[in-house]
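Participant: Numbering (my numbering), first residue to last: 139 to 392.
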Ligand SMILES: [Ca+2]
Ligand SMILES: [Ca+2]
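(1) Beta carbon of residue 287, beta carbon of residue 270: below 8 angstroms?
(2) Quick test of your reading: residue 318 and residue 225, contact by CB under 8 angstroms. State the CB separation rounded to the nearest angstrom.
(3) Ends of the beta strand (DSSP E) at residue 294?
(4) Does the count of Cβ pairs from the segment 240 to 254 and the segment 325 to 342 closer than 8 angstroms reach three?
(5) Which of helix, strand or coil does DSSP assign to residue 208?
(6) Going by other Cβ atoms of all chains shown within 10 Å of its Cβ, with 16 needed for buried, is residue 324 buried or exposed?
(7) Throw me the rounded Cβ distance for the residue 222 and residue 182 pair, which I believe falls under 8 angstroms.
(8) How do the segment 339 to 346 and the segment 227 to 243 stand: do at least 3 beta-carbon pairs fall below 8 angstroms, yes or no?
(9) With ligand 1 as the reference, list in chain order each residue whose Cβ lies under 7 angstroms from any of its heavy atoms.
(10) Under a three-way DSSP split, which group does residue 240 fall into?
(11) Just tell me which of 261, 207, 312 has its CA closest to the CA of residue 278.
(12) Any chance the CB of residue 274 is under 7 angstroms from a heavy atom of ligand 2?
(13) So, with DSSP's three-state summary, where would you put residue 267?
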C-alpha cells in the first residue's frame, strides 16, 4: 500500500500527460483553414514563386455550372527557369475509394482538363518551350503508359477551353499521376482546372481535387449554402464516414 502511494503521483502524471498533450493538438489537418495550399497536389521544382493556387480565374464548376468555382492551378513566369515548373498530383490510383489499381487494368482512359493562357510564348520550337499536361501510369515502379497533352500555343492568349484525349493503359496501374507543367524556356501565364482521368467504360477513379477547390487537409470544399454535388457517388459509405470525421455536413442529394 505504501509502495502504491509512492508510485501513484508518477502514475498519475504518466496517465494524464498524454491527454494534456493531445488536448493542445488539433487532430484535424488544417482545421483552422489557415494553410492556403491545395489538397492532393504539390509543386514541381518550385517553392511557390511560379506555381500558385490561384483564385484570379477558374473554369466552371465541373459538377454543376450553376455552382461557384473559385480556384485553379496557375503557373506564371516571365523568363526561363532552370527546370520545368508546375504542379503534380499525388498518386490517385488507389487513393481512398479509387480502384484503378484493380479494375483499371488494360483499359482505355479518357483524359481531359480545362486550360487558359495569357501572354505565353507562341510556336514552341522544342519541348523546353512547351506547356503541357502529362498523365503517367506506373506498375511495379515502371512507367507503363504515358500521355503528354500539349497546350495550344498557336496564340499567346486563349480563354478557358476544354482539352480532351485518351490513352490505352496496358497492365495494372498501381500509380497514376498528373503533372501540369511549363517547360523551362516557356514563358507567360497558364491556368489549369477540372483535371479528369477515368476509364472510358465506367468509373474506376477520379482525380482528387482535380477542380482545385479544396484546401489541404480536407476532402471536398464548396461555398456554404451551395454545396457541390458529385455526379457520381465515389463510394458513398466511405465518403460519409470521412465527412463525419472532419465534421462537415453533407447536404441532401437533389
Ligand atoms: Ca481560421
Ligand atoms: Ca476550380
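Virtual Cβ for every residue (Gly too), placed ideally from N, Cα, C. Since the model is a prediction, treat every value here as computed from it, not as a measurement.
Facilitator: Walking through what the data contain:
(1) yes
(2) 4 angstroms
(3) First-last for residue 294: undefined, no H or E at that position.
(4) yes
(5) coil
(6) With at least 16 other beta carbons inside 10 angstroms of its own, residue 324 counts as buried.
(7) 6 angstroms
(8) Touching, yes, given that three or more Cβ pairs across the two stretches are closer than 8 angstroms.
(9) 170, 171, 172
(10) Three-state DSSP puts residue 240 in a helix.
(11) 312
(12) no
(13) Looking at residue 267 - three-state DSSP - the assignment turns out to be helix.
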